[in-house]
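Numbering (the numbering used here), first residue to last: 225 to 528.
Cβ atoms here follow ideal geometry from the backbone N, Cα and C, with glycine treated the same way.
Heads up, the thing below is written out as structure tokens.
In structure tokens:
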């Protein structure tokens, strides 16, 4: 069952209460959303030390598989749930609520030692590099732009279980999952950072937070002349901006007051600075209001 938000008031949701019982909250999924969830979880644990919040990283697709099997209470996702994933949940009797928790400007990056991509890259050039037809054929930078060097294009990018991979391929190649396969793929963004920062002819992409954590080793590339930041992500002028979600299992919200309490805290204005510190853009007040309304709808009178 998919519960959509239908607006609501924009009052701040009350923050965490020590009245909630103790327990363990299990979360898995997107590596992109992980820095947000982990930051919120750490702050929540300081308020409610008797509640354990365990956050895993299996990629959006891997996390939703666990979620639809009933193995987790919350799933982090850097893209909306797919129809086949929603059906998997429905077949298992898992009702859920989609909650927007932040906005990301997908970071296209190279090594800080790269000396020819300082002016950025275009969406057309990204397509030339990453489309399926490029496999085994577009292997040198001067094939993309004659002014660039005759050096190997070294690609480090998310694997196929990643919501970031789904988003990027849909945006750049025109269809989710369409991509060349001859590159170094990983579900661990930190592995990608090491690979991209390790040479002068590298390129890759991941959530903006992993750029900010490694800005001394990486060079952020403008896309069609626009760099991602709070302003360009919020107003949509950065073309690779995207929403970030958590999916909450409704039965966990209703039956486990500490899960309900954690998400209520997550949706409070108190976490905006945590989202910013993690390297992402907090939702607008209107988006927050819609997320809170969806959350309250899911509770259906079962609020603790």
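| Asked | Found |
| --- | --- |
| Distance CB(residue 328)-CB(residue 446) smaller than 9 Å | no |
| Unbroken alpha helix (DSSP H) run spanning residue 252, endpoints | Taken as a continuous stretch (DSSP letters only), residue 252 belongs to no alpha helix (DSSP H), being part of the beta strand (DSSP E) at 248-253. |
| Backbone secondary structure at residue 346 - three-state DSSP | coil |
| Cβ-based neighbour list, residue 351, same chain, cut-off 7 Å, excluding 5 preceding and 5 following | 396, 397 |
| Buried or exposed by the 16-neighbour rule on C-beta atoms within 10 Å, applied to residue 278 | exposed |
| Inter-stretch contact (C-beta, 8 Å, three-pair minimum) for the region 320-327 and the region 462-482 | yes |
| Of the residues 263, 368, 498, 318, the one placed nearest residue 289, counting alpha carbons only | 318 |
| Top-ranked residue by Cα proximity to residue 520, from 485, 502, 496, 275 | 485 |
| CA-to-CA distance, residue 493 to residue 252, given in whole angstroms | 23 Å |
| Per-residue DSSP class, three states only, for residue 421 | helix |
| Reduced DSSP secondary structure (H/G/I, E/B, other) of residue 509 | helix |
| Those runs of the beta strand (DSSP E) which lie wholly inside the region 336-419 and span at least 3 residues | 378-382, 408-410 |
| Which of helix, strand or coil DSSP assigns to residue 298 | strand |
| Inter-stretch contact (C-beta, 8 Å, three-pair minimum) for the region 447-461 and the region 363-379 | no |
| Distance CB(residue 503)-CB(residue 436) smaller than 9 Å | yes |
| Residue 407 burial status per 10 Å Cβ neighbour count (16 or more: buried) | buried |
| Residue from 281, 249, 286, 283 whose Cα sits closest to the Cα of residue 269 | 249 |
| Run of the beta strand (DSSP E) containing residue 467, from where it starts to where it stops | 465-473 |
| Limits of the alpha helix (DSSP H) - the one that residue 264 falls within | 258-271 |
| Reduced DSSP category for residue 290 - H, G, I as helix; E, B as strand; rest coil | helix |
| Bounding residues of the beta strand (DSSP E) (the contiguous stretch that carries residue 322) | 320-329 |
| Simplified DSSP assignment, three categories, for residue 491 | coil |
| Residue 285 in three-state terms, based on DSSP | helix |
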